[in-house]
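**Student:**
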Amino acid sequence: MRILLELMFFLFLFGYVNALCPMAMKMLAARGPNNSSLSDAYANAHPPDKRAATIPFDPATQYVSTTGDYEFVPPGEGDLRGPCPGLNAMANHGYIPHNGVATIQQFITGTYQVFGMGFDLALFLSLYGTLMDGSAITGSFSIGGTPPLGVGSIIPQNGLTGSHNNYEGDASPTRGDLYQYGDNYRVQLSQFQQLYDLDPTRSNYTLPLLTDFRRTRFSQSIANNRYFCNVPFGVVAGPATYLFTFHFMANHSAEYPQGLLDGEMLKSFFSITGPDENLTYIEGNERIPKNWYKIGYEYGIVDFEVDAVSMNLANPQFLSLGCNTGTVNTFTAINVTDLTSGVYSAQTLLEGNNLACFILQLVVMVLPTPVGVLAGFISQLLDTVNPILKQFTCPQLLEINESVLEQFPGWLGPGA
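The sequence shown lines up with residues -19 to -1, 1 to 397 when you count with mature numbering (1 follows the signal peptide of the UniProt record, and there is no 0).
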């Protein structure tokens, strides 16, 4: 049965990629050649205030409608919502199906319409979500829990709510660690309050502020969650939640083309209502703010890699792979050399483009066994949709030695 399902999935994916890759190549080619390495890119990246002059603003193309077909409609019985506030808001406004189960193409289209996410990054995330937590047969996944059979699925799928340690992870800005609170998809109001209080004026939650909060949350997870894990995929998921909060939730304008994220926008996207002294969380009611404009350029894989590498290099603790050992404040790092069977070390990981290579390779390496035979194909897909990555000279990481993670109860799950 496994072989049959894998064959069916391969045939589906082969056809799907053949249809989409020519589109991706045209879109990427239109951006022009880029011969600089990623290390050059993040070394030369301008801070947001200096970058503003080069970021376009076009109100006609950046405006995101919240009326008519895109009027806010709260989730009803049977509608699925999960740990990603942006996807929840998209479902509530009809940019993806209201039931919370969408296809790869619907995710790609919706994330571009609402957030300006680049085709390559949207394809990457949608494909990965389908592989890890969705239905390979229908090419869809749930933004929440497992949908009823027959709703966007032929066989059961985990959905993003069931994606701990493969699509979402610990130390989220507003969601709790799975083994600390018992779920990973509801906003923990105490965490939102901490985020909200970072700017007492509620006027502009900048990327440096969010990075500071990521450091705080990382330390809090070590101190409060005995099963905390910063496992390989955390190197990817960790910066994404904070970077996406800034780039995709900020409102863009001629005055602030790089984006301005204030307290009301945060509350809207995180389903928080009420005055400052009495904030209330309404589960699943995330909204796109009114009179809201998305980012002025396609934020794609290279943009994310530049930001993620820069954030991680400036904060080495985020690169400390490991877990607590069953009690709080027992974080034990794993040896990168052992994890990668000698392909990388803690020193070589920081050389050249190695960290960028490692991040992308990890995503492929942590694929579950049922689709593991397709890991090489997916790696080729990433190279196809992002030709810039072909310029990298990456060490050949063929597998992750997961046995070094089996000492941690947070990796296997409590009681395993």
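All residues carry an ideal CB built from backbone N, CA and C; glycine is no exception.
Cβ atoms of Asn266 and Pro37: under 8 Å apart, would you say?
**Tutor:** No, they are not a contact pair.
**Student:** Using a Cβ-Cβ cut-off of 6 Å (strictly less than) and excluding sequence neighbours within five positions of Ile315, which residues of its own chain qualify?
**Tutor:** Contacts found: Leu302, Gly303, Val385.
**Student:** Would Phe209 and Asp158 qualify as a contact pair, given that the criterion is a beta-carbon distance under 8 Å?
**Tutor:** Yes.
**Student:** Just the C-alpha distance for Phe105 and Thr92, rounded to the nearest angstrom, thanks.
**Tutor:** Near 12 Å, if we compare the C-alpha coordinates of Thr92 and Phe105.
**Student:** For the beta strand (DSSP E) that contains Val324, what are its first and last residues?
**Tutor:** Element bounds for Val324: n/a, residue is neither H nor E.
**Student:** Report all residues from its chain with a CB closer than 8 Å to the CB of Thr111; omit the five preceding and five following residues, and keep chain order.
**Tutor:** The residues are Ile85, Ala117, Gly120, Ser121, Phe122.
**Student:** Looking at C-alpha atoms only, which residue of Glu245, Val283, Thr261, Glu279 is the closest neighbour of Ile269?
**Tutor:** The shortest C-alpha separation from Ile269 is found at Glu245.
**Student:** If you run the structure through DSSP and keep just helix, strand and coil, what is Gln388?
**Tutor:** Coil, per DSSP.
**Student:** Assign Gly171 to one of two classes, buried (16 or more other C-beta atoms within 10 Å of its C-beta) or exposed (fewer than that).
**Tutor:** Residue 171 is actually Ser in this sequence, not Gly. Ser171 should be labelled exposed.
**Student:** On the premise that Val283 lies in contact with Leu336, defined as a C-beta separation below 8 Å, what is that separation, rounded to the nearest angstrom?
**Tutor:** Actually they do not touch by this definition, with Cβ atoms about 14 Å apart.
**Student:** Have a look at the DSSP bridge pairing and note the partners of Thr84.
**Tutor:** The partner list for Thr84 (beta bridge, DSSP) reads Ser121.
**Student:** What is the rounded straight-line gap between the Cα of Thr142 and the Cα of Ala231?
**Tutor:** The straight-line gap from Cα to Cα measures roughly 25 Å.
**Student:** Smallest Cα separation from Phe225: which of Tyr76, Glu236, Leu68?
**Tutor:** The candidate whose alpha carbon is nearest that of Phe225 is Leu68.
**Student:** Spell out the partners DSSP gives Ile253 in its beta bridges.
**Tutor:** Its beta-bridge partners are Tyr262.
**Student:** Starting from Tyr76, trace the alpha helix (DSSP H) in both directions and tell me its first and last residue.
**Tutor:** That residue, Tyr76, is in no alpha helix (DSSP H); it is neither H nor E in DSSP.
**Student:** Assign Leu241 to one of three DSSP states: helix, strand, or coil.
**Tutor:** Three-state DSSP puts Leu241 in a strand.
**Student:** Between the alpha carbons of Pro154 and Leu176, how many angstroms are there, rounded?
**Tutor:** Using only the alpha carbons, I get a separation of about 7 Å.
**Student:** Once DSSP output is grouped into helix, strand and coil, what is the label at Tyr274?
**Tutor:** Strand, per DSSP.
**Student:** State buried or exposed for Arg32, treating a residue as buried only when at least 16 other CB atoms are found within 10 Å of its CB.
**Tutor:** For Arg32, the pLDDT reaches just 49, beneath the cut-off of 50, and the residue's location in the model is therefore unreliable, although a value from the coordinates is still provided. The residue is exposed, with fewer than 16 neighbouring Cβ atoms inside 10 Å.
**Student:** Using 10 angstroms around the beta-carbon of Lys271, count the other beta-carbons present and answer buried if the total reaches 16, otherwise exposed.
**Tutor:** So Lys271 ends up on the exposed side.
**Student:** Looking at the structure shown, is Asp21 part of a helix, part of a strand, or coil, going by DSSP?
**Tutor:** Note that Asp21 scores 45 on pLDDT, short of 50, meaning its location in the model is unreliable and no value can be drawn from it.
**Student:** Does the distance from the C-beta atom of Leu61 to that of Gly126 stay below 8 Å?
**Tutor:** Their beta carbons are under 8 Å apart, which means Leu61 touches Gly126 by this criterion.
**Student:** Quick check on DSSP: helix, strand or coil for Tyr44?
**Tutor:** Residue state, collapsed to three classes: strand.
**Student:** Indicate the three-state DSSP secondary structure (helix, strand or coil) for Arg156 in the structure shown.
**Tutor:** Of the three classes helix, strand and coil, the one that applies to Arg156 here is strand, per DSSP.
**Student:** Does DSSP put His228 in a helix, a strand or coil?
**Tutor:** His228 falls in the helix class under three-state DSSP.
**Student:** Take Pro390 and list the residues in its own chain whose beta-carbon comes closer than 6 Å to its own, dropping the five residues that flank it on each side.
**Tutor:** Excluding positions up to five away in sequence, the list reads Tyr208, Gly307.
**Student:** Counting only the same chain and skipping the five closest in sequence on each side, list residues whose C-beta sits under 8 Å from that of Ala152.
**Tutor:** The answer, listed in chain order, is Asp158, Arg195, Arg198, Phe199, Gln201, Ser202, Phe209, Asn211, Gly215, Gly219.
**Student:** Let me check understanding here. Comparing Cα to Cα, which of Met292, Gly57, Val309, Asn305 lies closest to Leu331?
**Tutor:** Checking every option, the nearest Cα to that of Leu331 belongs to Met292.
**Student:** Straight-line CA distance for Val287 to Asn259?
**Tutor:** Spanning the two alpha carbons is a distance of roughly 38 Å.
**Student:** Could you tell me if Thr374 is buried or exposed, where buried requires 16 or more neighbouring beta carbons within 10 angstroms of its beta carbon?
**Tutor:** Label assigned to Thr374: exposed.
**Student:** Do Pro64 and Phe250 have their C-beta atoms closer together than 8 Å?
**Tutor:** No; because the gap between Cβ atoms is not below 8 Å, this pair is not in contact.
**Student:** When DSSP labels each residue in this structure, what does Cys338 get in the three-state scheme?
**Tutor:** Looking at Cys338 - three-state DSSP - the assignment turns out to be helix.
**Student:** In three-state DSSP terms, what is Thr127?
**Tutor:** In the structure shown, Thr127 sits in coil (DSSP, three-state: anything other than H, G, I, E or B).
**Student:** In terms of alpha-carbon separation, which member of Asn305, Ala327, Tyr325 lies closest to Tyr160?
**Tutor:** Among Asn305, Ala327, Tyr325, the Cα nearest to that of Tyr160 belongs to Asn305.
**Student:** Mark Asp101 as exposed unless 16 or more other C-beta atoms lie within 10 angstroms of its C-beta, in which case mark it buried.
**Tutor:** Asp101 should be labelled buried.
**Student:** From Gly99 to Arg167, what does the alpha carbon distance come to, in whole angstroms?
**Tutor:** If I take the Cα positions, the gap works out to 27 Å.
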